[in-house]
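Engineer: Residue numbers (UniProt numbering), protein chains in the order written: chain B, 1 to 76; chain U, 1 to 463.
Please see the structure below; I have some questions.
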C-alpha cells in the first residue's frame, strides 16, 4: 500500500514508529523517514499508525474499499 | 447565466489538468470529492503515475525506500483519462485547447496548470552529458543516483549547497562516501535561511566529514577519454577528482510550453490571483485557467501582497485543493489561497523546518535553544514584524510562531521563554545574500511590485 506523511504536520511523536517500525523510523532526534510503499502484510499496522498519529499527518491508500480486493488503481 | 454554467460544468464539463504530480493528483481527488462528475483528463510528461519527490533525496538514498515506489496514495478513485509520457507543448486560450507533444489536442472547459519545476541542468551541455553527471529531481534521476552511490564511487562532488545538495551530501556521508560540496555563497542554505543559520549548516557538514568549499564556483567538469566525469575544476583553481557529480543548482519553472499563449507565464512562474486564476499577459484574470503548485505565483496578504512562488510540498497540496474547489463553484463560494509557507528538510540527523518567508527577514533572533547546540528556533523580522521562523530539532515550537506571524506580532521578539538564553536578546542581521547575486536559488521567491525589482541585473558567473 502507498502512503505519504505530511512532514509539515509531523512533530516527531513517533507513534507510527512504535506501531509500524518496519515502515516508519526516526532518523536523529526528531526527523521521520518512512517507506512510502509498505508491504501488504503491514496494512493493519499502517492503519493503526494513521489512526494514532496525534497530528494526523499520515495519508494511506483509501481503506474504505473491501480490504485486499485490489490495490487502489485508477482507471488508466 | 453564470450559475447555470457552473451547474453544467460540474455535471458534464471537461476539466484538463496539465501536470501529473502531487498538485495534479490532489486537485483531481478534490474535484471528485466535491462532486465534479464531468470528464477529467490528466496530462503528464513522465510515464509514471503521480509520485512523491521528498523521499527521493532522503529515504531512497538512505536505502529505506525504492526509487521506483514512491507513488502517492490514492485517497479516492478519480475516474480520469491519463495521458502520461506525453508533454503539453502549447495552449490555445481562445479555442480552449491544449496541444500535446504527440500532435494530439485536448479540449477543456476549465484547465488547471500544475507543471511544476525541473532541475536546473549544468549549463555547459557537453560537460552535462558526461557519464556520472547527475541531477536529482525525478524518479529516474533518483534511481540512477542511488545506483551510482551504491557502486561505491571514490568521491562524490555536489555542486550547490541548497537543501537538495545538502541532503545528498548527508546521504553520502551515511553511506561512508567521501563527498565535496561547492557553494557560491558563504555557507550552505543561505539563500533559504540566511547566513546566521547557514553557518550552523556549514558546521554540520564539516563535522560530519563533508569537504565543504564555499565562495567558489565550478568552472569546468573534466571527462576522461571514455566520456566519464573525472574531475571538477573550481574558481579558486583547485581541482577535485570525483566520479559522481550531482548538479544541485535549484530549479527552472516549466512554463516554456506556454510561450505565445497569451498567459502571464515566464521564468518566475505563472501569475495568478489569490483564487488561483491565472493572469493573462495583460494582467487580466482569466476565469477558466487555474494554476497550482511550484509553477504558480500568487499574492499573499501576510507578506505585503507580494507574489510568492513556493517550491513547497505543502503549498502544492493546499493550492491544488483550493484551485480545484474554485474551479467548480460560484464566485461567492470561492476561497483564497492564503497558505502559510512551510517546509522541512533533514540532513545529518537534524530536522530542519520553517514557517513563513525567511528570505523576507532582515534580522534574526534565536528565541529557543542555541546555535552552538544545533537545537534552536530562529525568528526572522522585517520592518518590526515577525515574518518567519526556522527550527533545528525543535519542531513543536513552530505552531506557536506560525500564530505569531499570522497576527503580525512585533519584532524584536519581546517575550522571554523557558529556553531563552541571555545572549540571544539582541537581533542579528539575518545575512541573506544580495538577491542580484543568486546562489543556488532559494525555494521561495518573492516577486513583488517593488520598483527596485526593475533594477536587478543578473550577472552570470564568468567561466
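Backbone N, C-alpha and C fix where the C-beta goes; we use that ideal spot for every residue, glycine too.
Mind reading off the beta-carbon distance from residue 19/U to residue 261/U? Whole number of angstroms is fine, and I expect it under 8 Å.
Structural biologist: Contact annotation, residue 19/U with residue 261/U: C-beta distance approximately 15 Å; criterion of less than 8 Å not satisfied.
Engineer: Does residue 66/B come within less than 8 Å of chain U when only Cβ atoms are used?
Structural biologist: Annotation note: pLDDT 40 at residue 66/B (below 50); position unreliable, coordinate value reported separately. It does not: the Cβ of residue 66/B has no partner Cβ on chain U nearer than 8 Å.
Engineer: Would you call the segment 126-133 of chain U and the segment 240-260 of chain U touching, i.e. three or more CB-CB distances under 8 Å?
Structural biologist: Yes, since at least three Cβ pairs between the segment 126-133 of chain U and the segment 240-260 of chain U fall closer than 8 Å, the two stretches touch.
Engineer: Give the residues of chain U in contact with residue 19/B, contact being defined as C-beta atoms less than 8 Å apart.
Structural biologist: Within 8 Å Cβ-Cβ: nothing; residue 19/B doesn't reach chain U, min ~17 Å.
Engineer: Rounded to a whole number of angstroms, what is the C-alpha to C-alpha distance between residue 29/U and residue 37/U?
Structural biologist: When rounded, the separation of the alpha-carbon atoms in residue 29/U and residue 37/U is 12 Å.
Engineer: Please list the segments of the alpha helix (DSSP H) lying wholly inside the segment 21-91 of chain U, counting only runs of 4 or more residues, in order along the chain.
Structural biologist: 22-33
Engineer: Could you tell me the boundaries of the beta strand (DSSP E) in which residue 313/U lies?
Structural biologist: No beta strand (DSSP E) contains residue 313/U, which is instead part of the alpha helix (DSSP H) from 313-327.
Engineer: Kindly indicate the opening and closing residues of the beta strand (DSSP E) around residue 118/U.
Structural biologist: 117-119
Engineer: Exposed or buried, residue 18/B, counting other C-beta atoms within 10 Å across all chains shown (16 or more means buried)?
Structural biologist: Exposed, since its Cβ has fewer than 16 Cβ neighbours within 10 Å.
Engineer: Bridge partners for residue 32/B per DSSP, in chain order?
Structural biologist: 26/B
Engineer: For chain U, find out if any of its Cβ atoms is closer than 8 Å to the Cβ of residue 36/B; answer yes or no.
Structural biologist: yes
Engineer: Pull up the CB-CB distance for residue 281/U and residue 252/U, whole angstroms please, since I reckon it's below 8 Å.
Structural biologist: Not confirmed; about 20 Å, so no contact.
Engineer: Out of 320/U, 311/U and 310/U, point me to the one whose CA is closest to residue 290/U's CA.
Structural biologist: 320/U
Engineer: Using 8 Å as the threshold, is the C-beta distance between residue 78/U and residue 196/U below it?
Structural biologist: no
Engineer: Under three-state DSSP, which class holds residue 410/U?
Structural biologist: strand
Engineer: Could you pull the start and end residues of the alpha helix (DSSP H) that residue 109/U belongs to?
Structural biologist: Taken as a continuous stretch (DSSP letters only), residue 109/U belongs to no alpha helix (DSSP H), as it is neither H nor E.
Engineer: Counting only the same chain and skipping the five closest in sequence on each side, list residues whose C-beta sits under 6 Å from that of residue 179/U.
Structural biologist: Residues 156, 169, 172 and 210 of the same chain have their beta carbon placed closer than 6 Å to that of residue 179/U, with the five preceding and five following residues left out of the count.
Engineer: Checking contacts by CB at 8 Å: is residue 344/U closer than that to chain B?
Structural biologist: yes
Engineer: Which residue wins for smallest C-alpha separation from residue 302/U, given the options 407/U, 309/U, 315/U and 247/U?
Structural biologist: Relative to the Cα of residue 302/U, the nearest Cα in the group 407/U, 309/U, 315/U and 247/U belongs to 407/U.
Engineer: Where does the unbroken alpha helix (DSSP H) through residue 368/U begin, and where does it stop?
Structural biologist: Note, residue 368/U: premise wrong, no alpha helix (DSSP H); beta strand (DSSP E) at 363-370.
Engineer: Does any residue of chain U bring its CB to less than 8 Å from the CB of residue 4/B?
Structural biologist: yes
Engineer: Taking Cβ-Cβ distances shorter than 7 Å, what residues in chain B pair up with residue 57/U?
Structural biologist: Those within 7 Å of residue 57/U in chain B number zero; the least Cβ separation is about 11 Å.
Engineer: Give the range of the beta strand (DSSP E) segment to which residue 213/U is assigned.
Structural biologist: Per DSSP, residue 213/U is one residue of the beta strand (DSSP E) stretching across 211-214.
Engineer: At the level of alpha carbons, what is the spacing between residue 259/U and residue 53/U?
Structural biologist: 27 Å
Engineer: Helix, strand or coil: which one does DSSP assign to residue 360/U?
Structural biologist: helix
Engineer: If you draw a straight line from the alpha carbon of residue 11/U to that of residue 34/U, how long is it in whole angstroms?
Structural biologist: About 12 Å.
Engineer: Is DSSP giving residue 297/U helix, strand or coil here?
Structural biologist: Shown here, residue 297/U sits in a strand according to DSSP, grouped into three states.
Engineer: Would you give the residue range spanned by the beta strand (DSSP E) that residue 286/U belongs to?
Structural biologist: 285-291
Engineer: Please determine, among 376/U, 362/U and 238/U, the residue with the shortest C-alpha to C-alpha distance to residue 368/U.
Structural biologist: Distances from the CA of residue 368/U to each of 376/U, 362/U and 238/U were compared; the closest alpha carbon is that of 376/U.
Engineer: Can you confirm whether residue 30/B, when its beta carbon is compared against all beta carbons of chain U, has any partner nearer than 8 Å?
Structural biologist: yes
Engineer: Quick one: does residue 62/U have its CB under 8 Å from some CB of chain B?
Structural biologist: yes
Engineer: Output needed in chain order: residues of the segment 64-80 of chain U with a Cβ under 9 Å from some Cβ in chain B.
Structural biologist: 64, 65, 66, 68, 69, 70, 71, 72, 73, 74, 75, 76, 77, 78, 79 and 80
Engineer: Along chain U, which residues have their Cβ under 7 Å away from the Cβ of residue 60/B?
Structural biologist: 73
Engineer: Going by the DSSP bridge assignment, what does residue 47/B pair with across the sheet?
Structural biologist: DSSP lists no partner for residue 47/B.
Engineer: Closer than 7 Å, Cβ to Cβ, to anything on chain B: give me those residues from the segment 344-361 of chain U, in chain order.
Structural biologist: 344, 346, 349, 350 and 351
Engineer: With a threshold of 8 Å on Cβ separation, who are the neighbours of residue 1/B within its own chain once the five nearest residues in sequence on each side are excluded?
Structural biologist: 37, 38, 40, 42, 43, 46, 60, 61 and 71
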